[in-house]
Amino acid sequence: AASTMLVRQPQQLLRTISIAMSTHVADLLTLTLLFRAFNQPTTLSIIIIIYAMTVLFRIISPTPNGIGVVETLLPAIYVSVNVPLEVGTVINLTFRGISFWIPLVIGMICLHYLQASADTALVVPAEDSPGPLV
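Those letters in the sequence shown? Residues 30 to 163, by my numbering.
This is the structure in structure tokens:
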């Protein structure tokens, strides 16, 4: 079904790839700004290495989206690229908060409100309906 859709609408593939790439670029920019915010000198290659390892740990982790694993293991990667452990830990936890935990909480709140509005929409009968069948 997906391959048929791609043949009929190839622009949708380009749109999907563009959205995915913009997400990665936004994450790389966030990580770069966090290094600057904590006065930690860095290079583009270090940012890319750290971000790639973050994505890798999210993928290979036994927990969903690397919960706990990324936060625990990534400071070792920071140390391996000559970032002090304390600074690396703070940058890592802040990045995970911005890129994972805050959107997760916002999504949970939105889901709660969407479910509540869907429940009320199901309960209210249409004006021209004969009413419930008992």
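Beta carbons: idealized from backbone N, C-alpha and C, even for Gly.
>> I need the DSSP call for N121, collapsed to helix, strand or coil.
In response: Helix.
>> What would DSSP say about Q40, mapped onto helix, strand or coil?
In response: Three-state result, Q40: helix.
> Hey, I79 and I106 are a contact pair by Cβ (cut 8 Å); roughly how many whole angstroms apart?
Replying inline: 6 Å between Cβ atoms; contact.
>> Counting C-beta neighbours from all protein chains within 10 Å, is the total for T72 16 or more, i.e. buried, or is it exposed?
In response: Exposed: under 16 other Cβ atoms inside 10 Å.
>> So N121 and P104 are supposed to be a Cβ contact under 8 Å. How far apart are they, rounded?
In response: The beta-carbon separation of N121 and P104, rounded to 6 Å, stays under the 8 Å limit for a contact.
>> Our contact map puts I127 next to T59 with C-beta atoms below 8 Å; I'd like the distance itself, whole angstroms only.
In response: Contact check for I127 and T59: beta-carbon distance about 6 Å, within the 8 Å limit, so the pair qualifies.
> Which whole runs of the alpha helix (DSSP H) in the stretch 78-115 are 4 residues long or more, in chain order?
Replying inline: As for any alpha helix (DSSP H) of minimum length 4 sitting wholly inside the stretch 78-115, the runs are 98-109, ordered along the chain.
>> Going by DSSP in three states, Q144 sits in which element: helix, strand or coil?
In response: It is helical.
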